[in-house]
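Here the structure is laid out as structure tokens; the discussion comes afterwards.
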Amino acid sequence: MSRKLIGAIVALGLSSTVANAQDYPTKEIQGIIQWGAGGSTDTVMRSVTPHAEEALGGTVVMQNMTGAVGAIALNYVVDAQADGYTLLMGAENPMLYKIMGLGDEDYSAFTPINLLARGTPLLVANVDAPFDDYAGMLAYIADNPGELKMGATGPGGLPSVITAMMNTVEGELDVIAVPYDGDGPALTALQGGAIDVMPAVLGAAIEGVRAGNMKPILIFDTQTNETLPDVQIATDANASYATYLPWGPFFGVFVKNGTPDDVVSALTAAYAKGAANEDFVALMDGRGFTMMNISGDEATDFLTKWQQGTAWLLDDAGLTKASPEEFGIARPGE
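Residues 402 to 735 in this note's numbering are what the sequence shown spells out, letter by letter.
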């Protein structure tokens, strides 16, 4: 084969790659949501994506892919082509997979398109629970060891972090952990009386609270929440919570590392515009989420700091399978 022909073939391939990036998207994009329908991640992604689609000029077909604390969805995207046609729509859990023994990957295998918002943890109870506040719940647990049923979503999920925080601050709580595949199913179970208490993100629970279908017990924050100003905050219940707060889950859109820069830029611009849409912002504010709308180095720095603080909290509570040190996760402040 002549050098001229080889050169023509290479040039054609390169021009085709550039054209594909510039024309993106030329087909439907898959949006893989880590958690089940009705949960906080699902709500955030299905709210912002229509606005991002309009800016992108393409279609994102969203699919809930549950299981293994979100690892099944993450591995699906890791195994897909790095072409921008498979997005991971996730929450915070992957940053803890390594220390919890749930997988070998975390968000370091991905490029953050947009960290959209973060949530505030809220402890909610069934309306018929025999207590109405945090002190009452602690007293009930002390008087009825092993009876209170608390919802969970698996290792590394918000409920496991909040439970670890409570056990560290209050001493080991003798409760029964009941696992669910996401906070949506767990909150449905709570309202039906299958469990008594659930740590959840405020944004997922707020409508049930407003409707009187569940009662708020404690907000895990250091300041009164404007959405539920009459609900006690954790640092008022026990000053020791200040060591770990503020803390909260986050929600983001990611693509596999190696995705063409032009495609990353197109998706980043689209989701930045979607996250700034006034309807989406109003929805997030109304549900008690804090807007972030960050990408690039700012998003990467946030992920690093979040992983450090949470990983060491869980390790200090004795809940990890491996020390954060094994994976080069520095203790905060070191």
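We treat Cβ as the ideally placed atom computed from N, Cα and C, and that holds for glycine.
Keep in mind it's a predicted model, so treat the numbers as computed, not measured.
Pop quiz: Asn694 and Thr512 are said to be a contact at Cβ under 8 Å. What is the actual Cβ separation, rounded to whole angstroms?
At roughly 16 Å, the Cβ-Cβ gap does not stay under 8 Å, so Asn694 and Thr512 are not in contact.
In three-state terms, what does DSSP make of Phe690?
coil
Phe652 and Ala492: beta carbons closer than 7 Å?
yes
Can you give me the start and stop residues for the alpha helix (DSSP H) that Thr512 sits inside?
Run containing Thr512: none in the alpha helix (DSSP H); it sits in the beta strand (DSSP E), 511 to 519.
Could you give the distance in angstroms between the alpha-carbon of Gly414 and the alpha-carbon of Ser509?
Residue placement at Gly414 is flagged as unreliable, the pLDDT there being 48, under the threshold of 50; the coordinate-derived value follows with that caveat. So the two alpha carbons sit approximately 29 Å from each other.
Counting along the chain, where does the beta strand (DSSP E) carrying Ala527 start and finish?
Note on residue identity: the sequence assigns Asn, not Ala, to residue 527. Run containing Asn527: 522 to 527, per the beta strand (DSSP E) assignment.
Is Gln708 helix, strand or coil when you go by DSSP?
Residue state, collapsed to three classes: helix.
How would you call Asp631, buried or exposed, if buried means at least 16 neighbouring beta carbons within 10 angstroms?
exposed
Tell me the rounded alpha-carbon separation between Gly468 and Asn678.
Annotation: Gly468 to Asn678 spans about 31 Å, alpha carbon to alpha carbon.
Taking only three categories from DSSP, how would you classify Asn614?
coil
Quick one: residues in its chain with C-beta nearer than 8 Å to the C-beta of Asp529, no 5 flanking neighbours on either side, listed in chain order?
Gly594
Give a single yes or no on whether Tyr642 has its beta carbon closer than 6 Å to a heavy atom of the ligand FMN.
Absence of the ligand FMN is noted for the structure shown, with no ligands found whatsoever.
Starting from Gln592 and walking both ways along the beta strand (DSSP E), at which residues does that stretch end?
It is not in any beta strand (DSSP E) - Gln592 instead sits in the alpha helix (DSSP H) that spans 584 to 593.
Is Ala578 helix, strand or coil when you go by DSSP?
strand
Checking the sheet assignment: what are the DSSP bridge partners for Lys499?
Lys499 pairs with nothing; no bridge assigned.
Using CA atoms only, rank isn't needed, just tell me which of Tyr541, Thr705, Tyr642, Thr521 is closest to Met566.
Tyr642
If you reduce the DSSP assignment to three classes, tell me which class Glu607 lands in.
Here the sequence assigns Ile to residue 607, which means Glu is not the residue at that position. Three-state DSSP puts Ile607 in a helix.
Quick one: residues in its chain with C-beta nearer than 8 Å to the C-beta of Ser416, no 5 flanking neighbours on either side, listed in chain order?
Residue confidence is low: Ser416 scores 41 on pLDDT, short of 50, so the model does not pin down where it sits. No coordinate-derived value is stated.
Select from Glu699, Ala526, Thr450, Thr460 the residue whose C-alpha is nearest the C-alpha of Asp597.
Ala526
Nearest CA to the CA of Thr623: which residue from Thr460, Ile634, Phe532?
Closest option to Thr623, Cα to Cα, is Ile634.
Identify whether Thr487 lies in helix, strand or coil by the three-state DSSP scheme.
strand
Output the boundary residues of the alpha helix (DSSP H) element that contains Met566.
Its alpha helix (DSSP H) spans residues 559 to 571.
Comparing alpha-carbon positions, which option in Asp575, Ile434, Ala453, Val470 lies nearest Ser666?
Ala453
Pull the bridge partners of Val654 from the DSSP assignment, please.
Met490, Asn515
Buried or exposed: Gly504, going by 16 or more other Cβ atoms within 10 Å of its Cβ?
buried
Tell me whether the region 555 to 569 and the region 715 to 733 touch, counting them as touching only if at least three CB pairs, one residue from each stretch, are closer than 8 Å.
The region 715 to 733 and the region 555 to 569 touch, with three or more beta-carbon pairs separated by less than 8 Å.
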